[in-house]
Amino acid sequence: MPRLTDARKELRRAQIADAAVRCFGRNGLAQTSIADITAESGLSAGSIYAHYRNKAELVRAAAREVLAKRAGVLGEYAAADTPPGPDDLLALLVAAIDPAEARVGVQTWGEATTNPDIRDIVVDMTGRMRAMLHDCVTAWLVKVEHHDPDAARERAAPIAHRLMALYQAELLYVAMRTPDQEEEA
């Protein structure tokens with residue numbers, strides 16, 4: 001049997017993680033089985049277990065997939081000649097919220113209250129997202145508001161914290177909408 005290249009392994013891992021996000025969003029973390037993810041991905045259980053040891057690893061991968069999407073967008077915003085200000089940044093992030101990903105995020109937060117492995121994932125991912133928001137706000141303060149870089153980094157911290165809280169509130173709001181409400185949005 002031919003061996004998978006590293007690039008092919010990463011594509012397969014992403015395929016599995018995307019299937020997990022869809023299943024978690026549809027069925028919930030607790031109700032989703034590896035068999036559900038197998039069926040959704042179109043792969044064998046052996047293939048799934050060759051890439052992920054357990055469901056906690058799949059939750060971690062799903063969270064990283066979602067975060068990677070946000071990281072790419074936030075990186076582009078921070079690198080722009082005119083980065084968006086905090087209000088515009090929040091509006092852009094909210095407009096990009098996928099309802100299934102929002103449901104997975106909220107379920108993951110809930111699971112984090114009782115599962116230390118999931119808690120570690122949530123703490124790590126939240127910290128990374130806040131750091132990316134901090135970088136975007138710092139870039140805006142320096143490039144648009146013409147603050148000194150050191151002062152901008154300091155001033156950006158509480159702004160990024162509030163942006164993170166507002167973004168999480170919007171995720172909860174989107175996650176709680178019914179399919180009919182999603183269609184209206």
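Taking full-length UniProt numbering, I'd label the letters of the sequence shown as residues 1 to 185. Where is the CB? At the ideal position from N, CA and C, for every residue including glycine.
In the three-state reduction of the DSSP assignment, I97 falls in the coil class. The C-alpha of A139 is placed about 8 Å away from the C-alpha of A79.
About 6 Å separates the beta carbons of A100 and R22, which is inside the 8 Å limit, making them a contact pair. Annotation: A71 to M132 spans about 7 Å, alpha carbon to alpha carbon. In this structure D88 is exposed. Its beta-carbon is surrounded by fewer than 16 other beta-carbon atoms within 10 angstroms. Closest option to P158, judged by alpha-carbon separation, among V144, V137, A175: V137. DSSP, read as helix, strand or coil, puts Q31 in coil. Judged by DSSP in its simplified three-state form, Y52 adopts coil rather than helix or strand. Where A169 is concerned, the enclosing alpha helix (DSSP H) starts and stops at 149-176. CA-to-CA, the gap between A62 and D150 works out to about 35 Å. Ranked by Cα distance from M129, the options I37, R12, L43, V66 are led by V66. Bounds of the alpha helix (DSSP H) holding P116 are 116-143. Of L92, L141, A19, the smallest CA-CA separation from A156 is found for L141.
With contacts defined by Cβ atoms closer than 7 Å, Q15 and S44 do not form a contacting pair. In the structure shown, A71 falls within a helical segment according to DSSP collapsed to helix, strand and coil.
Inter-residue distance for V144 and V123 is about 31 Å (C-alpha atoms, whole angstroms).
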